[in-house]
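Protein chains in written order, with this note's numbering: chain A, 15 to 432; chain B, 3 to 463.
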């Protein structure tokens, strides 16, 4: 028995099978009690049942109808009164997580873990999310470009996270948050922090740093702090098949390196430590000593496939991982229903793990001391996603084009997979 | 509409304004016209086309090219002839005025049937375009590495150029004196083929991957734009020896003029990427001031060509683009619709999406009727392919659009305004009216009886 329940709970005769299978609950001990009564548990007012997709109660048979479509909802902007991009970014950041519930069944280590994780995430938002909450994506783009040029907002790009509309590599962060992160970082001493910030302020649109401005140990310190990432241009199929030597371009085994060595020598196959220098795999990385000598005639910018040092934020990795897993979970919740569509209130409940805190019946039961259902502690939302808010993940999926919101005349808004 | 006509009679509304209002209204009421079908098979014409029960079965089995239609083009002069190229290397010519063109069921047959000869294409056709000065000749490129010129009346090739690599697309300038055909091939250089001398005269080097799309400027006969699989969109001036004028960069919304117009903080012209991923569609607007490009990063970007800046139009997350072949968004001619507004139609997998070009607002989603996974049968047998829209063609002189699909069907899209819907409803009602009246009266009487019996009468005392 879990220790956080009172003695009253531990000594009582538990009705476990009845808790797990709500259909077996008996409302009275009459001879008609075990007739399958389709009493829907969580609805406050009776609604026509044709508007339902699946339901949690699997004895409640759904009529198998699709939801009526009264028109697609183009953006969630109507609900919010956000004036501009900076305000939107702040709104998104502040509404990312739900407040920890008081009687959620969390013990102190769990609470500490969740709060620490939340703190270590970078205060960045994805561009898709901003688009989802604002009226016109063109206006938003133009505003973002304006604010980026002015230096209020910074765009941080993580390459290699997909190229389509559902890619998550582009993030926006307010410049004052960047400054706060840089000053708070342990790995950067004060001089380096100031130098770095000055460098960022003078080049507001830059995605990578000018290597000549920083010394080797500085660069290492920044990489350790998470502010620089080295990335080779990712190998998508278009790149690999585009040229005969593209797979080895920029590596120690590329044509221009090999051709300088005498045939038959070790250098002709990449040198003594070809595999070691390439990071243990025959890959695209070059060792840092070769960074300055750009042997290929590729220009310094994007087009080349050599190694690049890009600007980034500490904690970006866990943030992106949380984002992708939340998105895919949300989409899987909608995919589970028969017609791949779900009313909004139902999807919200499912995201929250089936707990609806407003339900009067559940509240009354809790007050009486009978516990029905699962604690928030055990739900996926808190275990895996650290308490991500439903509206936040929904806006993310909308912005990425993974889900679509439409109006039904009867049950409010509904979600489907486009 | 009637108030506009009255205004024109009075002189308050100019004829041009009325024309634009009317064409804009028709443009925004474009819908699928499923009754118009193109039959490319050689079967005898079926006469029972008006039977309702047969319609669905017939719709499935009427196709233009069995293995899938790859490209479509309509001639610019009369808007009368349409050419379609199939994935099984056949080209068909359709006369759009041969059948009375209404919304009701009508089936087109090819005007000329091309016979397969040793000199015709061997693999699927990638791009077709009419000769820009008359419609007696057209150019076609195919996966068999060749560019061929055909005579329209007989559909036989007059000349053939072998380019030694897969040709994805080609373009011939609509205003030029020179007859240079720019070919987008898998080789990184854009090949210019001179039709006068019959030689592959010129190569423009600069791309670092396959070139997927080329387009000549409609205003200048020496400016060419090309997009490649490396994600860059290059602008070329063919009079210069070096050729490349520069590259478009998606991060750059100021342009190469820089902040003060004289180059302050301007980016270097030779660096930049237009798309994160391959760029497979490059289209100019009519005035030659803007370029519309589509890429594998599922974005369509609009560029201001005079400074080389990104006009930052965003079309939302519904755009999809997964195929490596050329996918050209279609910009509606600027004389249709309001002045200053441009409408773009984008072939988005199974549907066609209509956007405002500069603001990015979504006007319409035109869903193509048909299965999601279609069966296309070519010489290799039947295969299941994802049904997608491969190409769009606009009929000049009217407000009609035709779309080519990879399930082998060519579909027509016509305006269907509210008045037409009402007229159709009236027509069907008139036919059914006679029979239904007596039934309606009976039903009404029964309804009244039922209501009296079941409902409580409210009496006021």
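All residues carry an ideal CB built from backbone N, CA and C; glycine is no exception.
Could you give the residue range of the beta strand (DSSP E) that holds residue i?
i, result
"residue 128 of chain B", "127–132"
"residue 112 of chain B", "112–114"
"residue 428 of chain A", "426–430"
"residue 150 of chain B", "148–153"
"residue 162 of chain B", "158–164"
Which same chain residues end up closer than 8 Å to residue i when comparing Cβ atoms and leaving out the 5 residues on each side of it in sequence?
i, result
"residue 179 of chain A", "142, 414 and 415"
"residue 255 of chain B", "311, 312, 313 and 314"
"residue 334 of chain B", "29, 344, 345, 346, 347 and 396"
Taking only beta-carbon positions, decide if residue i is within less than 9 Å of chain B.
i, result
"residue 420 of chain A", "no"
"residue 424 of chain A", "no"
"residue 344 of chain A", "no"
"residue 101 of chain A", "no"
"residue 432 of chain A", "yes"
"residue 91 of chain A", "no"
"residue 275 of chain A", "no"
"residue 412 of chain A", "yes"
"residue 145 of chain A", "yes"
"residue 409 of chain A", "no"
"residue 224 of chain A", "no"
"residue 358 of chain A", "no"
Keeping to the same chain, check which residues put their C-beta closer than 6 Å to that of residue i; ignore five residues upstream and five downstream.
i, result
"residue 156 of chain B", "none"
"residue 290 of chain B", "219, 220 and 221"
"residue 393 of chain B", "73, 74 and 406"
"residue 56 of chain B", "Confidence at residue 56 of chain B is low in this model, with a pLDDT of 43, below 50, so its placement is unreliable and the value that follows should be read with caution. Nothing meets the Cβ criterion."
"residue 121 of chain B", "159"
"residue 405 of chain A", "none"
"residue 183 of chain B", "172, 174 and 195"
For the alpha helix (DSSP H) that residue i lies in, which residues bound it at each end?
i, result
"residue 236 of chain A", "230–239"
"residue 84 of chain B", "No alpha helix (DSSP H) contains residue 84 of chain B, which is instead part of the beta strand (DSSP E) from 83–88."
"residue 126 of chain A", "122–134"
"residue 2 of chain B", "Because chain B is modelled from 3 through 463, residue 2 of chain B falls outside the range shown and cannot be assessed."
"residue 91 of chain A", "Run containing residue 91 of chain A: none; DSSP gives neither H nor E here."
"residue 344 of chain A", "330–349"
"residue 197 of chain A", "189–198"
"residue 404 of chain A", "404–414"
"residue 208 of chain A", "204–216"
"residue 348 of chain B", "Here residue 348 of chain B belongs to no alpha helix (DSSP H); instead the beta strand (DSSP E) covers 345–350."
Just checking: is the beta-carbon of residue i within a distance shorter than 9 Å of some beta-carbon in chain A?
i, result
"residue 340 of chain B", "no"
"residue 371 of chain B", "no"
"residue 193 of chain B", "no"
"residue 150 of chain B", "no"
"residue 314 of chain B", "yes"
"residue 360 of chain B", "yes"
"residue 55 of chain B", "Here residue 55 of chain B scores only 42 on pLDDT, less than 50, and its place in the model is too uncertain to base an answer on."
"residue 255 of chain B", "yes"
"residue 364 of chain B", "yes"
"residue 354 of chain B", "no"
"residue 235 of chain B", "no"
"residue 424 of chain B", "no"
Looking only at its own chain, which residues have a Cβ that is under 7 Å from the Cβ of residue i, when we skip the five neighbours before and after it?
i, result
"residue 92 of chain B", "67 and 116"
"residue 106 of chain B", "37"
"residue 358 of chain A", "426, 427, 428 and 429"
"residue 358 of chain B", "343, 345 and 365"
"residue 107 of chain A", "137 and 139"
"residue 189 of chain A", "165, 166, 167 and 168"
"residue 224 of chain B", "239, 240 and 241"
"residue 58 of chain A", "With a pLDDT of 42 at residue 58 of chain A, under the threshold of 50, the modelled position of that residue is not reliable, and the figure given next carries that caveat. Correct list: empty, nothing qualifies."
Check the DSSP bridge columns for residue i and list the partner residues they point to.
i, result
"residue 306 of chain B", "B:292 and B:311"
"residue 173 of chain A", "Answer is none; residue 173 of chain A lacks a bridge partner."
"residue 284 of chain B", "B:295"
"residue 96 of chain B", "B:84 and B:112"
"residue 185 of chain A", "A:140 and A:170"
"residue 40 of chain B", "B:110"
"residue 79 of chain A", "None; residue 79 of chain A has no bridge partner."
Practice problem: Return the chain-ordered ranges of every beta strand (DSSP E) run that is complete within the stretch 391–434 of chain B and spans a minimum of 3 residues. | Solution: 391–397, 402–407 and 412–417
Self-check item: Length-filtered (3 minimum) beta strand (DSSP E) runs lying within the stretch 219–280 of chain B
Solution: 225–230, 235–239 and 246–249
Quiz item: Can you give, in chain order, each stretch of the beta strand (DSSP E) that sits fully within the stretch 170–227 of chain B and has at least 3 residues?
Solution: 182–187, 192–196, 201–206 and 213–218
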